[in-house]
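Engineer:
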Amino acid sequence: MQLIFKIARTELKNLFYSPVAWFITIVFFVVCATAYTTPLSWLIDRQSMGTRNDPNFQFLGFPMTTMIFYGYGGLFTRVLQNLYLFIPLLTMSLISREMNSGTIKMLYSSPVKTSYIVLGKYLAITVFSGIFTAIVAIFVISGHFHVENIESGVLLSSLLGLFLLMSAYAAIGIFMSSLTTYQIISAIATFTLIFVLGNIGGLWQDYDFVRDLTYFLSISGRTSKMLRGLVTTKDIIYFVVIVAMFVSFTILKLKGTRESKPWYLKVVRYLGVIIVCLAIGYISSRPRFVGYFDLTSNKSNTLHPNTQELIKKLGDEPLEITLYTNLLDGSMENGLPRARNRYLDRMWENYLRFKPNISFRYVYYYDMPEKSPMLRRFPGKNIHEIAYEFGRGHKVDTVGFLPPAKIRKQFDPEEAEYNLTMMVTYKGKTKILRTYPDTDRWPDEMNVSALLKQFVTDTIPKILYATGNLERSIHKFGEREFLAHTINTKNRGALVNIGFECDTINLHSQAIPAGIAALVVADPKVDLTPAIQQKIQQYIEAGGNALFLGEPGKQHVLNPVLAHTGTQLSNGTLVQVTTHEMPHMLRPFVTLNMSRLADETNLVKIRRNNGKDTAQFLMPGSAEVVMTDSSRFSAKSLLTTFPGQVWLKAGKLVTDSAAPVFNAAEGDLQKDSYTVATALTRKVGQKEQRIVVAGDADFGSSSRGGGGEVLRACYSWLDNNQYPVYSLREQTKDRKLTISEGGVKAAEIIYVWIIPALLLTGGTVLLIRRRRK
1357 MQLIFKIART ELKNLFYSPV AWFITIVFFV VCATAYTTPL SWLIDRQSMG TRNDPNFQFL
1417 GFPMTTMIFY GYGGLFTRVL QNLYLFIPLL TMSLISREMN SGTIKMLYSS PVKTSYIVLG
1477 KYLAITVFSG IFTAIVAIFV ISGHFHVENI ESGVLLSSLL GLFLLMSAYA AIGIFMSSLT
1537 TYQIISAIAT FTLIFVLGNI GGLWQDYDFV RDLTYFLSIS GRTSKMLRGL VTTKDIIYFV
1597 VIVAMFVSFT ILKLKGTRES KPWYLKVVRY LGVIIVCLAI GYISSRPRFV GYFDLTSNKS
1657 NTLHPNTQEL IKKLGDEPLE ITLYTNLLDG SMENGLPRAR NRYLDRMWEN YLRFKPNISF
1717 RYVYYYDMPE KSPMLRRFPG KNIHEIAYEF GRGHKVDTVG FLPPAKIRKQ FDPEEAEYNL
1777 TMMVTYKGKT KILRTYPDTD RWPDEMNVSA LLKQFVTDTI PKILYATGNL ERSIHKFGER
1837 EFLAHTINTK NRGALVNIGF ECDTINLHSQ AIPAGIAALV VADPKVDLTP AIQQKIQQYI
1897 EAGGNALFLG EPGKQHVLNP VLAHTGTQLS NGTLVQVTTH EMPHMLRPFV TLNMSRLADE
1957 TNLVKIRRNN GKDTAQFLMP GSAEVVMTDS SRFSAKSLLT TFPGQVWLKA GKLVTDSAAP
2017 VFNAAEGDLQ KDSYTVATAL TRKVGQKEQR IVVAGDADFG SSSRGGGGEV LRACYSWLDN
2077 NQYPVYSLRE QTKDRKLTIS EGGVKAAEII YVWIIPALLL TGGTVLLIRR RRK
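So the sequence shown is numbered by the numbering used here: it starts at 1357 and just counts up by one.
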């Protein structure tokens, strides 16, 4: 061991007496300095602007750690982009210099083992990698003084990832240095091998054995989890294996030059090293052997506790997930064998962490609806010929794809709408898990949690939508209809995809069943018959939850029913005259009561600020909701107009002409503010009854985004917040800089100019004195 340290010390002296090492160090420091101070300067300018112009300014709306260290041009981003340029220049002379100078023969003739020589030299370059890591750590430490509540854990894991990556590059470099006496060739070979290892993960992914082999060897993305604050034993062992493999190759190469053994014995040695390393890597990457350490403050890399609890309730029973990929689906690329590792890593790794006994199956088929537009694109061809042409165009071998007749015996493509779909099986029960036609494609944690909860609970919340009186329809995509946020399977946030069951009920012929999550009466256009009114009244008196959505001009339709809740919709239309919108387009604000209904992202932000800041919500034409009998229910305003901006138009409102003018003589009413959505609660036996009344139904229509978080929060609240299963995490607190504008300028001068100048001066003096000696 002492010999290894002596060799390492000698090699370090050689490095520090080399102008190349000093030049690389200075350039590396300047790269880090500019990557740190540039975003810091940009951020302090915006923070100072906010402080000067807004007396209520508290902090910027984005995480400082991410912006400074991981954003475009951030510190770690820049370092990792350029790291491959630095390490090969340091390692190119480690072995080749000894060969050129002839000192390698002296080392061979000495009682020093070859392994000691290699380990000593590798230790030296590892120490130099540690110096580079320490340079980055200088700016990380500075960040702790410049940013309030900085994400320390994420930065520490990033430093670890950076050091491991440099160590791997160094091992590759020392091996390449042993292959040639030409230093430039050694550097180029190192560049090349790093490039190959960075891209090998995308090669030959169509073949099962080769796919896993190349994916394991790929160095690309190995530090990505550490940069997010997630350290896994799988990634650490990968770097250790890569280092051990290339250091072993170097030892074998140097030993081979001194031995006169047959070439095949030397090959066997190399193969033995490869097999052992691959075996260690394979075993260590199995889900049950992987350890995870999430160093983020809000555990953003870990499944939400709500999801973890559901997985715990699944017990030890296995979960089987079958991915059905349709060759004729536009998203089939995501389900092909060449994308399998990305699918497992992107979609299921977080779940495998808590439930390793998840098994995966893959089924490939081709099928399409009878009247598919694709038939017109391939005139005269049947579905089998179309599939063949489609496969040729996408370079996919169609031999393993099941034809329609076979796939329909084990799976219903029509239920999956012929799209990329997962079927999840647990204890003999199978449920569908969809993908979505958006940028993320795969279901998010809320979608998966809803499915898992349905496995471990006996009931699924059912929401019934009243029909028979020209109400809004959940089966139509029209401008005023409700399909978008209810049963639209292509919308990841639709009720059907987050755990609810949606259906219709014709109140003319059907009784309202007990046990439903809520009854929705959305903008009926014709007067409700006494029989229907009685059904709804009985449902309310029995303690049923409900959502009533009215519209201006049709208040008389819902008011007889609302009378049983102690509320009414005032006659007339609320008017808000603005420069850019029609006068009936209201922009009420979300109240603190609304923010407490459910854990929707933007509602939680309002709740955390305790209502000091809020959000506007567009309602295209609304009536006022008023309490007429407070003895029946307790009421809380959910959406309220801003004071002094809205008035009630008693007569007919003309929206496509000149702006309306307030006229008290015509019955117009001016109040400080108006409530347009109200939550009602009361105790019925042991149950809390919940009702929401709103003066507008258009905000839930397809053309208005289905009501967004506001309407979804109402559904969740009506279901006693059982569904959806929210996975919202605490916001990081690194939102404020603690340094001044002058401090940033001083830091820029010190880091970019003064320290590099000192390094340049010190290195020059050292090299000159060394040369004189």
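The beta carbon of each residue, even a glycine, is placed where N, CA and C say it ideally should be.
Quick test of the definition: if touching needs 3 or more C-beta pairs under 8 Å, does the region 1693–1704 touch the region 1660–1674?
Structural biologist: Counting Cβ pairs under 8 Å, fewer than three are found: no touch.
Engineer: For the structure I just gave you, are there three or more beta carbon pairs, one from the region 1896–1910 and one from the region 1873–1882, closer than 8 Å?
Structural biologist: Yes: at least three Cβ pairs fall under 8 Å.
Engineer: To the nearest angstrom, how far is the alpha carbon of residue 1474 from that of residue 1449?
Structural biologist: Using only the alpha carbons, I get a separation of about 13 Å.
Engineer: Can you grab the Cα-Cα spacing for the pair residue 1976 / residue 1386, in whole Å?
Structural biologist: One C-alpha to the other measures close to 56 Å.
Engineer: Can you check the region 1991–2019 for any beta strand (DSSP E) of at least 3 residues that lies completely inside it and give the ranges in chain order?
Structural biologist: Fully enclosed beta strand (DSSP E) runs of 3 or longer: 2003–2005.
Engineer: Mapping DSSP to helix, strand and coil, what is residue 2081?
Structural biologist: Residue 2081: coil per DSSP, three-state reduction.
Engineer: With DSSP run on the structure shown, which of helix, strand or coil describes residue 1926?
Structural biologist: Coil.
Engineer: In the structure shown, what three-state DSSP assignment does residue 1715 receive?
Structural biologist: Residue 1715 falls in the strand class under three-state DSSP.
Engineer: Rounded to the nearest angstrom, what separates residue 1422 and residue 1835 at their Cα positions?
Structural biologist: Their backbone Cα atoms lie some 40 Å apart in a straight line.
Engineer: Please classify residue 2022: does DSSP put it in a helix, a strand, or coil?
Structural biologist: Reduced to three states, the DSSP call for residue 2022 is helix.
Engineer: Bridge partners of residue 2045, per DSSP?
Structural biologist: Paired residues: 2038.
Engineer: Bridge partners for residue 2093 per DSSP, in chain order?
Structural biologist: Answer is 1503, bridged to residue 2093.
Engineer: Quick check on DSSP: helix, strand or coil for residue 1878?
Structural biologist: Note: residue 1878 maps to strand in three-state DSSP.
Engineer: With DSSP run on the structure shown, which of helix, strand or coil describes residue 1813?
Structural biologist: Correct three-state label for residue 1813: coil.
Engineer: For residue 1738, which three-state DSSP category applies?
Structural biologist: Note: residue 1738 maps to coil in three-state DSSP.
Engineer: Quick check on DSSP: helix, strand or coil for residue 1976?
Structural biologist: Correct three-state label for residue 1976: strand.
Engineer: Just to confirm, is the Cβ distance from residue 1950 to residue 1995 under 9 Å?
Structural biologist: Result yes, Cβ atoms of residue 1950 and residue 1995 sit closer than 9 Å.
Engineer: Which two residues bound the contiguous alpha helix (DSSP H) that contains residue 1887?
Structural biologist: First-last of the alpha helix (DSSP H) with residue 1887: 1886–1897.
Engineer: Tell me the DSSP secondary structure of residue 1935 in three-state form.
Structural biologist: Coil, per DSSP.
Engineer: Compare the C-alpha of residue 1357 against each of 1394, 1479, 1434 and 1723 and name the closest.
Structural biologist: Minimum Cα distance to residue 1357 is reached at 1479.
Engineer: In the DSSP assignment, find the beta strand (DSSP E) that holds residue 1538 and state where it starts and stops.
Structural biologist: Premise fails: residue 1538 is in no beta strand (DSSP E) and is neither H nor E.
Engineer: Does residue 2090 pass the burial test, meaning 16 or more other C-beta atoms within 10 Å, or should it be called exposed?
Structural biologist: It counts as buried.
Engineer: Roughly how many angstroms separate the alpha carbons of residue 1443 and residue 1529, rounded to a whole number?
Structural biologist: Cα to Cα, the separation comes out at about 7 Å.
Engineer: Please determine if the region 1676–1687 and the region 1737–1753 are in contact, where contact requires at least 3 C-beta pairs separated by less than 8 Å.
Structural biologist: The region 1676–1687, when compared against the region 1737–1753, does touch it at the 8 Å Cβ threshold.
Engineer: Is the distance from the Cβ of residue 1760 to the Cβ of residue 1722 below 9 Å?
Structural biologist: Yes, these two residues count as a Cβ contact at 9 Å.
Engineer: Could you please give the first and the last residue of the uninterrupted beta strand (DSSP E) stretch that includes residue 1785?
Structural biologist: Here the beta strand (DSSP E) through residue 1785 covers 1785–1790.
Engineer: Where does residue 1472 land, buried or exposed, given buried means 16+ other C-beta within 10 angstroms?
Structural biologist: Flag for residue 1472 reads buried.
Engineer: For residue 1737 and residue 1729, what's the separation of their Cα atoms in angstroms?
Structural biologist: Taking the straight line joining both Cα atoms gives about 13 Å.
Engineer: Output the residue ranges of the alpha helix (DSSP H) runs that lie fully inside the region 1637–1704 and measure 4 residues or longer, sorted by chain position.
Structural biologist: Entirely contained in the region 1637–1704, the alpha helix (DSSP H) runs reaching 4 residues are, in chain order, 1661–1670 and 1696–1699.
Engineer: Measure the alpha-carbon distance for residue 1954 versus residue 1562 and round it to whole angstroms.
Structural biologist: Near 44 Å, if we compare the C-alpha coordinates of residue 1562 and residue 1954.
Engineer: Could you name the residues of the same chain whose beta carbon sits closer than 6 Å to that of residue 1499, not counting the 5 residues immediately before and after it, in chain order?
Structural biologist: Contacts found: 1506.
Engineer: On a Cα-Cα basis, can you pick out the residue from 2006, 1924 and 1604 that is closest to residue 1931?
Structural biologist: Looking at the Cα atoms, 2006 is the closest of the given residues.
Engineer: Using only CA atoms, which one of 1364, 2022, 1390 and 1374 lies nearest to residue 2112?
Structural biologist: The residue with the shortest Cα to Cα distance from residue 2112 is 1390.
Engineer: Pop quiz: residue 1851 and residue 1822 are said to be a contact at Cβ under 8 Å. What is the actual Cβ separation, rounded to whole angstroms?
Structural biologist: That pair is no contact at about 16 Å.
Engineer: Who are the Cβ neighbours of residue 2100 in its own chain at under 6 Å, not counting the five residues just before and after it?
Structural biologist: Taken in chain order, the residues that qualify are 1396, 1397 and 1400.
Engineer: With residue 1780 as the anchor, note down where its beta strand (DSSP E) starts and where it stops.
Structural biologist: Where residue 1780 is concerned, the enclosing beta strand (DSSP E) stretches over 1777–1782.
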